[in-house]
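Those protein sequence lines, which keep their order, are chains A and B. Quick note on my numbering: the first sequence kicks off at 3 and runs consecutively. Quick note on my numbering: the second sequence kicks off at 7 and runs consecutively. Read the structure below first, then the notes.
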Amino acid sequence: MKLETTRFGNIDIEEKEIIEFPDGLYGFEKETRFTFLPFNPDVESPMEWMQSVKSPHLAFVITDPHLYVPDYKLKLLAEDKNKVKLDSDEPFLTRSIVTIPENYTEMTANLVAPLVINSNQRIGKQFVLTSMEYDTRHFLLPEEMRTTTATPH
Amino acid sequence: MLVLTRKIGESIKINEDVKITVIDVKGKNIRLGIEAPRETKIYREEVFLRIKEENQSAATSHQFDPSKVSQLMKDKIKK
């Protein structure tokens with residue numbers, strides 16, 4: 003199917019490349035279908051884009067939180083797993099939404115509200131952790147790599 | 007909304023297994039103790055507002071050069 007996007011122009015995706023988020027995302031409850039696209043076609047990257055199927059302008063940067071917080075813990079209850087149709091021991095993908103401010107060296111990941119994705123069934127949900135140990139704005143770069151002089155684009 | 011008055015040390019019970027006790031009151035702050043089954047999800051309500059706001063900020067990310075961001079991440083992983 004053809005997909006119109008603001009960032010990537012008109013692209014061609016297959017129905018099976020669409021991931022359903024039946025509840026949408028917090029603040030974007032009507033955005034229930036997304037497709038994942040490479041962050042940068044030329045280079046391997048820990049980031050990906052999550053493009054809305056419905057809204058051409060809406061795309062999130064996502065990444066795997068375990069790359070930054072190796073012991074990042076996400077305990078899903080049986081009822082949580084049901085919501086994304088996961089069997090009890092079935093593996094799932096965890097992704098965090100990244101916020102990239104004008105100074106991109108200060109980009110952050112939201113570790114409080116990860117996306118849990120059942121890649122076999124292509125269904126996902128944004129969960130909110132009850133644990134207080136994580137931040138909605140976790141810096142991806144260590145302080146010495148965050149500059150105040152990064153040239154904005 | 008059901009409104010109940012409680013004193014320090016008094017509780018309310020919700021269903022069979024959730025108990026909320028007023029532990030202390032200091033000025034405008036009220037400390038509550040909550041006993042509930044492990045799988046009960048208990049949140050401070052503001053967390054949902056923060057997450058909505060954060061999703062909004064993420065959706066309006068500034069223009070940036072993905073190759074520069076990828077390079078930075080690579081540099082970080084090398085370290």
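A virtual CB, placed ideally from N, CA and C, is assigned to each residue, including glycine.
CB contact check: residue i to chain A, cutoff 8 Å
{"i": "K78 (chain B)", "result": "The question names Lys, but residue 78 (chain B) in the sequence shown is Leu. It does: the Cβ of L78 (chain B) has a partner Cβ on chain A nearer than 8 Å."}
{"i": "V75 (chain B)", "result": "yes"}
{"i": "K82 (chain B)", "result": "yes"}
Within chain B, the residues that residue i reaches when beta carbons sit closer than 8 Å
{"i": "F30 (chain A)", "result": "N61 and A65"}
{"i": "V86 (chain A)", "result": "Within 8 Å Cβ-Cβ: nothing; V86 (chain A) doesn't reach chain B, min ~16 Å."}
{"i": "E118 (chain A)", "result": "Here residue 118 (chain A) turns out to be Val, not Glu, going by the sequence shown. Those do not exist, as V118 (chain A) stays about 14 Å from chain B at its closest Cβ, beyond 8 Å."}
{"i": "D44 (chain A)", "result": "S73"}
{"i": "T101 (chain A)", "result": "E60, S63, A64 and S67"}
{"i": "L27 (chain A)", "result": "N61"}
Buried or exposed (CB count within 10 angstroms, at least 16 for buried), residue i
{"i": "N111 (chain B)", "result": "Here chain B has residues from 7 to 85 only, and residue 111 (chain B) is not among them."}
{"i": "E22 (chain B)", "result": "exposed"}
{"i": "K18 (chain A)", "result": "exposed"}
{"i": "T101 (chain A)", "result": "buried"}
{"i": "M7 (chain B)", "result": "exposed"}
{"i": "P116 (chain A)", "result": "buried"}
{"i": "E6 (chain A)", "result": "exposed"}
{"i": "G126 (chain A)", "result": "buried"}
{"i": "M134 (chain A)", "result": "exposed"}
{"i": "P43 (chain B)", "result": "exposed"}
{"i": "Y49 (chain B)", "result": "exposed"}
{"i": "T37 (chain A)", "result": "buried"}
{"i": "M52 (chain A)", "result": "buried"}
{"i": "N84 (chain A)", "result": "exposed"}
{"i": "L55 (chain B)", "result": "exposed"}
{"i": "S90 (chain A)", "result": "exposed"}
{"i": "L142 (chain A)", "result": "buried"}
Neighbouring residues, chain A, relative to residue i (Cβ below 7 Å)
{"i": "E51 (chain B)", "result": "The contacting residues do not exist; E51 (chain B) stays about 11 Å from chain A at best."}
{"i": "R56 (chain B)", "result": "T138"}
{"i": "I34 (chain B)", "result": "Contrary to the premise, residue 34 (chain B) reads as Lys rather than Ile in this sequence. Going along chain A, no residue has its Cβ under 7 Å from K34 (chain B), so there is no contact; the nearest lies around 21 Å."}
Min CB distance residue i to chain B below 8 Å
{"i": "E92 (chain A)", "result": "no"}
{"i": "V130 (chain A)", "result": "yes"}
{"i": "Y106 (chain A)", "result": "yes"}
{"i": "F62 (chain A)", "result": "yes"}
{"i": "F23 (chain A)", "result": "no"}
{"i": "L95 (chain A)", "result": "no"}
{"i": "L143 (chain A)", "result": "yes"}
{"i": "L113 (chain A)", "result": "no"}
{"i": "L5 (chain A)", "result": "no"}
Chain-ordered neighbours of residue i on chain A, where CB pairs are closer than 8 Å
{"i": "I48 (chain B)", "result": "T132"}
Cross-strand partners of residue i (DSSP beta bridge)
{"i": "L95 (chain A)", "result": "A:I119"}
{"i": "T2 (chain A)", "result": "Nothing in the structure corresponds to residue 2 (chain A), since chain A is present only between 3 and 155."}
{"i": "D30 (chain B)", "result": "B:R37"}
{"i": "E145 (chain A)", "result": "BP columns for E145 (chain A) are empty, so no partner."}
{"i": "N12 (chain A)", "result": "A:E6"}
{"i": "S54 (chain A)", "result": "A:F36"}
{"i": "V24 (chain B)", "result": "B:I20"}
Contact set between residue i and chain B, taken where Cβ atoms lie within less than 9 Å
{"i": "F38 (chain A)", "result": "Per Cβ cutoff of 9 Å: no residues; F38 (chain A) is ~14 Å from chain B at best."}
{"i": "I13 (chain A)", "result": "What I13 (chain A) touches in chain B: nothing, since even the nearest Cβ is about 16 Å away."}
{"i": "F41 (chain A)", "result": "P72, V75 and S76"}
Neighbour list for residue i in chain A, Cβ cutoff strictly below 9 Å
{"i": "E45 (chain B)", "result": "L79, A80 and E81"}
Neighbouring residues, chain B, relative to residue i (Cβ below 7 Å)
{"i": "P48 (chain A)", "result": "M79"}
*Return the chain-ordered ranges of every beta strand (DSSP E) run that is complete within the stretch 97-143 of chain A and spans a minimum of 3 residues.*
Listed in chain order, the complete beta strand (DSSP E) runs (minimum 3 residues) inside the stretch 97-143 of chain A are 117-120 and 125-128.
*Segments assigned beta strand (DSSP E), at least 3 residues, entirely inside the stretch 15-42 of chain A*: Whole beta strand (DSSP E) segments, 3+ residues: 20-22 and 35-40.
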